Structures are given as structure tokens and as C-alpha cells.
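In the numbering used here, each residue's number is its place in the sequence shown (first place is 1) plus 76.
Beta carbons: idealized from backbone N, C-alpha and C, even for Gly.
Owing to the predicted nature of the structure, the values given are computational and were not obtained by experimental measurement.
Working notes for the structure below.
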Amino acid sequence: MTGWEIALLFVAGIGGGLTGSIAGLASVSTYPALLMIGLPPVTANVTNTVALVFNGVGSVRGSLPELAGQGPRLRRLIPMGALGGLAGAVLLLSIPDDGFENAVPVLLAVASVAIAVPKGADRSAVPTRAARITQAVVIGLICVYGGFFGAAAGLLMLAVFTRTEMVTFAEANATKNVVLGVANAVAAVVFTVAASVHWPAVAVMGAGCLIGARLGPIVVRHAPATPLRLLVAFAGLALAVKLGFDTYA
Numbered sequence: 077m078t079g080w081e082i083a084l085l086f087v088a089g090i091g092g093g094l095t096g097s098i099a100g101l102a103s104v105s106t107y108p109a110l111l112m113i114g115l116p117p118v119t120a121n122v123t124n125t126v127a128l129v130f131n132g133v134g135s136v137r138g139s140l141p142e143l144a145g146q147g148p149r150l151r152r153l154i155p156m157g158a159l160g161g162l163a164g165a166v167l168l169l170s171i172p173d174d175g176f177e178n179a180v181p182v183l184l185a186v187a188s189v190a191i192a193v194p195k196g197a198d199r200s201a202v203p204t205r206a207a208r209i210t211q212a213v214v215i216g217l218i219c220v221y222g223g224f225f226g227a228a229a230g231l232l233m234l235a236v237f238t239r240t241e242m243v244t245f246a247e248a249n250a251t252k253n254v255v256l257g258v259a260n261a262v263a264a265v266v267f268t269v270a271a272s273v274h275w276p277a278v279a280v281m282g283a284g285c286l287i288g289a290r291l292g293p294i295v296v297r298h299a300p301a302t303p304l305r306l307l308v309a310f311a312g313l314a315l316a317v318k319l320g321f322d323t324y325a
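This is the structure we're talking about:
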């Protein structure tokens, strides 16, 4: 790689780590950078997923204060994340991604609105067993999508947690960081064995992701919750419009 390509991937990694650990939008920064250095789309996709393992490491490390007491929730959701990441990776290596691309703009728009609209339910209510099972299944499906295509899977997951859990935005974000990190890690193992990964790009971008992802949870912890939630929703809507134009125009 040339010097400018190394610099591009490192900066994109920092940006991806920061936005990914805050809003689940890491690929908005990282995936285009991999395309810019000339990687084919599928190679860029799998390389992006492997690099984002470092995003998971940094974001989970930075989210430890918000993860305190979340053991039961994580034990329920982590297996779904692992299974979803595995299924998504296998699908990526088996079938074209046109169907996912067509659905992404609508999914992002719905998720962004869900994040933006305040939850009106009683925050003292305890989710039923059926609600927990439904949530776990939905999270598993999001992780399938994340392992397959990946664009803003974290935003979709964040929308689910903010609408179905009686937690703060920072706590929902921390849970998202763990579950999506597991899904990415499992998918990355599959890609390492069965796909063409550009390892020099992984090394450079992964280093940037690690730095950015370590900082993101600190921002979430100290920023006012409502403005940050609305900013995340606005970013998601902007991405939905952009992807919608690219897909349907």
C-alpha cells in the first residue's frame, strides 16, 4: 500500500471506531475507504468485518461501566449474536447481496425514527418472557444481516434496545457494542478461513478502529442523552436517504 492509502485507512478506522461505538455506523467510514484503495466489493466487505473486530474490542473495553449488572441480558443475547454472525457470514459467501441492499434504506429509516421518538412506556415495567424471546430473535436476525452486509447493523440494534429495554441510551449502546462485537468476531473467523481478506488493510484500519472505539463510549457517557440520541437518529436518516438514492434512483 502507498503512504496515502495507509493514512486513509488509519483515519477511516478512527472515524469508524468512533461512530461505530457511539451509533453503530462504523461501516459508513470504513467500507468506502477500502473501496477507494481498489479492493473489490466482496473483498472490501469481508476485510471491513475483520477490521471491525478491533472496533468491538475497543468499544467493549470503553463500555465496562455501563455493562455492570447486565450479565443476565448479555447471556441471553450473546449466543444469538454469535449464531447470527455465523449465518450472515455463510450467506455472504453463498448468495448475492442485492436483497439486503434493497431493504437497507427502509430499515435504517425505521430504526432512526424509533431512536428519535421518546419511549412512552413505564420504565419500571419488567419485560415478559415472550418479549425477551422476541427481542433475542430480532437481535439474532440483525446479526445475520450484520454478518452478511453490515451497513449500520449497530443502528438497528440500538433502536431495538432503546425501544424494548428499560435502560439509558449509554447502557443500550454498551449492550449493542458487546453483541455486535461478538457477531463481527464470529463472522471474521469464517472469513479468515473461507474468504480473501486483505490483511495489510486490516492491520492499519484495525489500529485506527481500536483508538476510535475506545473513545466513543466516553463520549456517550458524558454527552447529554437526548441531544446525542437525536444526533444519532439524524445521522441514520441521512444515511438512509443517501443509500435510498443510490439504491432506487
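Cβ pair residue i, residue j closer than 9 Å
i	j	result
A99	L234	yes
A261	G161	yes
A248	P293	no
T119	V273	yes
V296	F245	yes
G114	M281	no
L128	A163	no
L315	A228	yes
L183	L110	no
A165	A277	no
V317	P108	no
G138	R290	yes
T238	A207	no
V236	I209	no
N- and C-terminal bounds of the alpha helix (DSSP H) containing residue i
i	result
G257	F245 to A270
S97	G79 to A99
V104	A102 to M112
G230	A229 to T240
Assigned secondary structure, residue i (DSSP; H/G/I helix, E/B strand, else coil)
i	result
T204	coil
H298	helix
A69	This structure leaves residue 69 out entirely; the chain is present only between 77 and 325.
V129	helix
V273	coil
L169	coil
V214	helix
L115	coil
F225	coil
A139	As written in the sequence, residue 139 is Ser, which differs from the Ala given in the question. Here S139 sits in coil by DSSP.
V308	helix
A24	Missing from the structure shown is residue 24; the chain here goes from 77 to 325 and no further.
G282	helix
A144	coil
V193	coil
C-beta neighbour in chain B for residue i, strict 9 Å
i	result
G164	The structure shown contains no chain B; it is built from a single protein chain.
If you pair each beta-carbon of the stretch 180-192 with each one of the stretch 145-155, do three or more pairs fall below 8 Å?
no
Touch test, the stretch 281-289 against the stretch 124-144, Cβ-Cβ under 8 Å, three pairs minimum:
yes
Contact between the stretch 251-258 and the stretch 150-158 (3+ Cβ pairs under 8 Å)
yes
Any contact of the stretch 294-310 with the stretch 120-129, i.e. 3+ C-beta pairs under 8 Å?
No, because fewer than three Cβ pairs between the stretch 294-310 and the stretch 120-129 fall closer than 8 Å, the two stretches do not touch.
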